[in-house]
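Residue numbers (the working numbering): 314 to 582.
C-beta: ideal position from N, C-alpha, C; glycine also.
Please read these numbers as outputs of a predicted model, since none were measured by experiment.
So this is what it looks like as structure tokens:
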């Protein structure tokens, strides 16, 4: 594990997760609250390391965020280590694991509100999908923090993958700072997700922290627009076109059936 200070409020801890035999870079984010009362731990990794304790010093972890249906593996272990923290989770986790305690699930209706009471500097948004990802905006540092809303693998990171990992990334990661093509069917309502991403793009952020790949430290809004936003626009458009074609074919079939029925009726007379 390696720690990086992104700015005066935010640090990240990088590690590697073995996924289907592939070494996938993963990241957790630590946000210091403005009043210096404690920290928020976003998408916790394996917390056996003392790195987090070193970063927070004598301060407390006040909230642990399990941001989507996949980034939850160490959330409960983190709660055991930091019992004073509040667990805030994606609503998808309660659906996926209904018998587990997920603390306070967020909801799309709460978008744009503070993650914690009395801490307006850190607001939360849920991007609706089957994984319902929580995205945070830290206003003082102009930073947007996400998990799987955008991937940004570098050539060096891809080169470290086994051959099937490189093939997978080549076929599923077609643009930078973008969702994987494997997530296409996660966004069952692309228009709803697009509406929230448009909200995010109205925020004044310069930095984008991602869970997989390199963070975007300059022109992050433009990068996210060219990546995930444009990808969602294409998906929404293609689905509307598919629906239009399907409706046209259905209408044609109905007209044909009605015409045949009328023709048959006329011949019977």
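Problem set entry | Between the CA atoms of residue 326 and residue 314 - distance to the nearest angstrom | Their backbone Cα atoms lie some 6 Å apart in a straight line.
Exercise. For the beta strand (DSSP E) that residue 365 lies in, which residues bound it at each end?
Worked result: Counting along the chain, residue 365 falls outside any beta strand (DSSP E), though it belongs to the alpha helix (DSSP H) covering 364-369.
Problem set entry | With 16 other Cβ atoms within 10 Å as the buried cut-off, status of residue 354 | Buried is the label assigned to residue 354, since at least 16 other Cβ atoms lie within 10 Å of its Cβ.
For this session: Out of 441, 535, 377, state which residue places its alpha-carbon closest to the alpha-carbon of residue 490.
Result: A check of alpha carbon separations from residue 490 across 441, 535, 377 identifies 535 as the nearest.
For this session: On the DSSP bridge assignment, give the partners of residue 377 in chain order.
Result: Answer is 354, 400, bridged to residue 377.
For this session: Return the chain-ordered list of same chain residues with a C-beta closer than 8 Å to the C-beta of residue 454, the five sequence neighbours on each side being excluded.
Result: Same-chain partners within the cutoff: 319, 320, 321, 322, 323, 520.
Problem set entry | Beta-carbon contacts of residue 338 that lie in its chain and below 7 Å, excluding the five residues immediately before and after | Excluding sequence positions up to five before and after residue 338, its CB lies within less than 7 Å of the CB of 327, 329, 470, 525, 526, all in the same chain and listed in chain order.
Exercise. Are there 16 or more other CB atoms within 10 angstroms of the CB of residue 480, so buried, or fewer, so exposed?
Worked result: That one is exposed.
Problem set entry | Integer-rounded CB distance, given that residue 404 should sit under 8 Å from residue 419 | That pair is a contact at about 7 Å.
Exercise. Which of the three DSSP states, helix, strand or coil, is assigned to residue 503?
Worked result: Residue 503: helix per DSSP, three-state reduction.
Exercise. If you draw a straight line from the alpha carbon of residue 373 to that of residue 483, how long is it in whole angstroms?
Worked result: Answer to the nearest angstrom: the Cα atoms are 41 Å apart.
For this session: Closer than 6 Å by C-beta to residue 560: which residues in its own chain qualify, once you throw out the five before and the five after it? Chain order, please.
Result: In this prediction, residue 560 scores a pLDDT of 46, lower than 50, which makes its location untrustworthy; no coordinate-derived value is stated.
For this session: With a threshold of 7 Å, establish whether the CB of residue 492 neighbours any heavy atom of the ligand COA.
Result: Of ligands this structure carries none, so the ligand COA is not represented either.
Problem set entry | Own chain partners of residue 499 with C-beta closer than 6 Å, once the 5 adjacent residues on each side are dropped | The answer, listed in chain order, is 442, 443, 444.
Problem set entry | Cβ neighbours of residue 528 in the same chain (closer than 6 Å, five flanking residues each side left out) | Cβ neighbours of residue 528 beyond the five flanking positions: 522.
Exercise. Buried or exposed: residue 531, going by 16 or more other Cβ atoms within 10 Å of its Cβ?
Worked result: Burial call: exposed.
For this session: Measure the alpha-carbon distance for residue 347 versus residue 432 and round it to whole angstroms.
Result: Their backbone Cα atoms lie some 8 Å apart in a straight line.
Exercise. From this set, 435, 462, 351, which residue's C-alpha is nearest residue 507's C-alpha?
Worked result: For residue 507, the closest alpha carbon among the candidates 435, 462, 351 is that of 462.
Exercise. By Cβ distance, which residues of its chain are closer than 6 Å to residue 335, with the 5 residues on each side in sequence left out?
Worked result: Excluding sequence neighbours, residue 335 sits near 474, 478.
For this session: Could you please give the first and the last residue of the uninterrupted alpha helix (DSSP H) stretch that includes residue 392?
Result: Boundaries of the alpha helix (DSSP H) harbouring residue 392: 388-394, taken from the DSSP string.
Exercise. In whole angstroms, what separates the C-alpha of residue 439 from that of residue 501?
Worked result: Cα-Cα distance, rounded: 15 Å.
Exercise. Per DSSP, residue 552 is paired with what?
Worked result: Paired residue(s): none; residue 552 is not in a bridge.
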